[in-house]
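Structure first, commentary second.
Okay, structure coming up:
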């Protein structure tokens with residue numbers, strides 16, 4: 012029994028020890044497991060940080076690459092934009108206008124017929140809707156039927172009769188109010204009808220005024236068209252102004268255009284404000300520098316910019332003349348003159364100046380023979396004997412071939428508005444000797460030394476003049492033609508022959524009338540200056556001599 016008990020104790024002790032060992036082992040296992048977990052978490056954290064750092068580096072790299080790409084794209088776009096503008100200004104000006112018909116369609120000048128549509132400001136939505144008409148039976152039915160006991164008990168019947176009476180009174184009141192509201196609504200509708208009628212009447216007046224204004228504007232365009240085809244000077248000038256104002260450029264500047272026209276000689280002169288050198292883009296190429304993190308700009312050579320500017324102003328002159336010539340549907344133009352000027356601040360005196368840097372005169376017929384899509388603009392204007400600045404980019408001026416004040420009739424009319432009433436001499440009334448003295452004295456007052464040679468049968472004068480200025484001076488031959496008809500090419504040929512015989516460096520032909528197209532064509536590439544009647548009056552006025560020209564009937 013004792014042995015059995017001892018065995019049990021030993022077994023229990025061994026079991027307890029085993030359980031204790033197992034518990035200790037479990038605790039160690041859990042500790043090791045926890046340590047492994049902590050280490051695993053640490054490794055995961057380190058790995059995550061490494062991956063995150065790697066991702067940030069990749070992201071930063073991508074951002075940097077995208078930034079560089081954007082800057083490279085910006086450089087390429089800037090280069091493309093600059094080169095496109097440069098190419099347009101040097102080779103696209105004329106090409107652009109050749110794709111357009113510059114003729115003015117008079118119907119397009121008329122306003123579009125869009126009469127106003129009637130839309131009343133008034134609305135019947137503001138008028139309340141009439142309620143449903145009250146029905147007496149409805150009120151009585153709501154009061155209910157007489158109770159069954161009312162047949163036998165008097166006060167019950169009386170109570171019911173009072174309810175019926177009140178129902179009828181309520182009906183009478185509601186019907187009266189309803190009838191009043193209906194009357195008011197009908198009054199509002201009648202007033203609305205009257206107001207809308209008044210509104211329509213006012214609208215009809217507006218429509219009639221619109222139609223009147225529309226037809227007046229259309230009639231103005233019709234009158235303008237009629238005057239234009241008749242060759243009215245103001246109408247031709249206005250027409251040409253429309254043509255040039257309709258001319259759109261990819262790169263614009265502050266354009267100013269002044270136009271003069273002579274009906275007698277069918278000559279039109281355009282004074283055209285040219286852009287300055289700053290319109291030519293200096294930038295040739297843009298490159299992005301990674302090291303400087305900036306755009307590096309390569310600029311064009313000054314000589315290239317100057318050449319491009321010369322090409323531009325030549326193109327503008329040819330384009331303008333082309334637009335005038337192509338649009339001349341009334342065929343009222345024979346001679347086209349172009350004076351291109353610039354506005355710039357002279358740094359030597361601080362004053363704003365307007366030097367002419369390109370002047371050109373050509374016949375429309377000859378100009379229209381030119382294949383503008385195949386020419387070099389600079390060579391073309393030289394072939395047309397243009398006066399071009401020796402340095403357009405520096406705004407070195409040239410003498411205009413034709414002065415605006417010598418062509419524009421309105422300038423002359425300011426002086427001749429009362430020509431039949433004033434005391435100024437009519438040049439057509441002068442005898443040959445007086446006319447000789449007038450012309451000789453004119454050029455004498457202009458600074459030339461003149462010597463009369465002979466009086467001709469046609470009332471003109473041949474004179475030899477000397478310009479005493481060094482380098483620019485020389486011997487000149489002056490001939491005057493007191494004509495009432497257009498001066499032809501034969502007179503210009505005679506002058507040129509006299510120049511050759513006399514060894515003169517320049518010839519001047521003065522006429523009281525105008526010159527034909529052939530006269531201009533013959534003289535334009537020769538040292539010959541043609542002065543018509545208006546030009547003569549202008550020059551006389553410049554030296555203080557008042558005169559007029561009235562052709563004999």
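In the numbering used here, the protein residues as written are 12 to 564.
Positions of the beta carbon are idealized from the N, C-alpha and C atoms, including for glycine.
Since we're looking at a predicted model, the values are computed, not measured.
Could you please give the first and the last residue of the uninterrupted alpha helix (DSSP H) stretch that includes residue 374?
Segment 367-374 is the beta strand (DSSP E) holding residue 374; no alpha helix (DSSP H) there.
In the DSSP assignment, find the alpha helix (DSSP H) that holds residue 488 and state where it starts and stops.
Note, residue 488: premise wrong, no alpha helix (DSSP H); beta strand (DSSP E) at 485-492.
Below 8 Å, how does it come out for the segment 95-104 and the segment 260-278: are there three or more Cβ pairs, yes or no?
yes
Taking the alpha-carbon positions, what's the residue 478 to residue 308 distance?
52 Å
Give me, in chain order, the residues of the same chain whose beta-carbon lies closer than 7 Å to that of residue 277; leave out the 5 immediate sequence neighbours on both sides.
343, 344, 345, 346
Just confirm the distance between the C-beta atoms of residue 283 and residue 349, as a whole number of angstroms; I'd bet it's less than 8 Å.
6 Å
Looking at C-alpha atoms only, which residue of 220, 253, 272 is the closest neighbour of residue 245?
272
Check whether residue 515 and residue 486 have beta carbons under 7 Å apart:
yes
Kindly identify the DSSP beta-bridge partner or partners of residue 273.
278
Mapping DSSP to helix, strand and coil, what is residue 319?
helix
Here's the rule: buried if 16 or more other CB atoms are within 10 angstroms of the residue's CB, otherwise exposed. What is residue 576?
Since the first residue shown for the chain is 12 and the last is 564, residue 576 is missing from the structure and cannot be characterised.
Which two residues bound the contiguous beta strand (DSSP E) that contains residue 363?
362-364
Taking a contact to mean a Cβ-Cβ separation below 7 Å, would you say residue 519 touches residue 475 in this structure?
no
Can you give me the C-alpha to C-alpha distance between residue 370 and residue 318, rounded to a whole angstrom?
18 Å
How many Å lie between residue 491 and residue 435 at the Cα?
20 Å
Between which residues of its own chain and residue 158 is the CB-CB distance below 7 Å, once the five residues before and five after are set aside?
167, 171
Pick from 446, 456, 532: whose alpha carbon is nearest that of residue 501?
532
Cβ-based burial, residue 285 [other Cβ within 10 Å; buried from 16]
buried
Measure the Cβ-Cβ separation of residue 270 and residue 248 and say whether it is below 7 Å.
yes
Rounded to a whole number of angstroms, what is the C-alpha to C-alpha distance between residue 540 and residue 98?
37 Å
DSSP state of residue 285 mapped onto helix, strand, coil
coil
Which term fits residue 47, buried or exposed, when burial requires 16 or more other beta carbons within 10 angstroms of its beta carbon?
exposed
Given residue 553, which residues of its chain have a CB within under 6 Å of its CB, disregarding the five upstream and five downstream residues?
none
Inter-stretch contact at 8 Å, needing at least 3 Cβ pairs: the segment 395-403 / the segment 315-334
yes
Determine the extent of the beta strand (DSSP E) in which residue 521 is found, giving its start and end residues.
517-522
Find the nearest neighbour of residue 445 within the set 76, 59, 558, 210, judged by alpha-carbon distance.
558
Cβ distance (whole Å) where residue 252 is taken to contact residue 115 below 8 Å:
The Cβ separation is near 10 Å, so there is no contact.
Taking all protein chains shown into account, do 16 or more other C-beta atoms lie within 10 angstroms of the C-beta of residue 333, making it buried, or fewer, making it exposed?
buried
Expressed to the nearest angstrom, what Euclidean distance is found between the alpha-carbon atoms of residue 420 and residue 523?
For residue 420, the predicted structure reports a pLDDT of 46, less than 50, and the residue's modelled location is therefore unreliable. The matter cannot be settled from this model.
Which listed residue (381, 177, 275, 91) has its alpha carbon closest to that of residue 543:
275
Within 7 Å (strictly less), CB to CB, does residue 159 reach chain C?
Looking for chain C here will not work: only one protein chain is present.
Reduced DSSP category for residue 497 - H, G, I as helix; E, B as strand; rest coil
coil
Can you tell me where the beta strand (DSSP E) with residue 308 in it begins and where it stops?
305-310
Throw me the rounded Cβ distance for the residue 281 and residue 335 pair, which I believe falls under 8 Å.
7 Å
Closer than 6 Å by C-beta to residue 433: which residues in its own chain qualify, once you throw out the five before and the five after it? Chain order, please.
A caution first: residue 433 carries a pLDDT of 48, below 50, which makes its placement in the model unreliable, though a value can still be read off. Correct list: empty, nothing qualifies.
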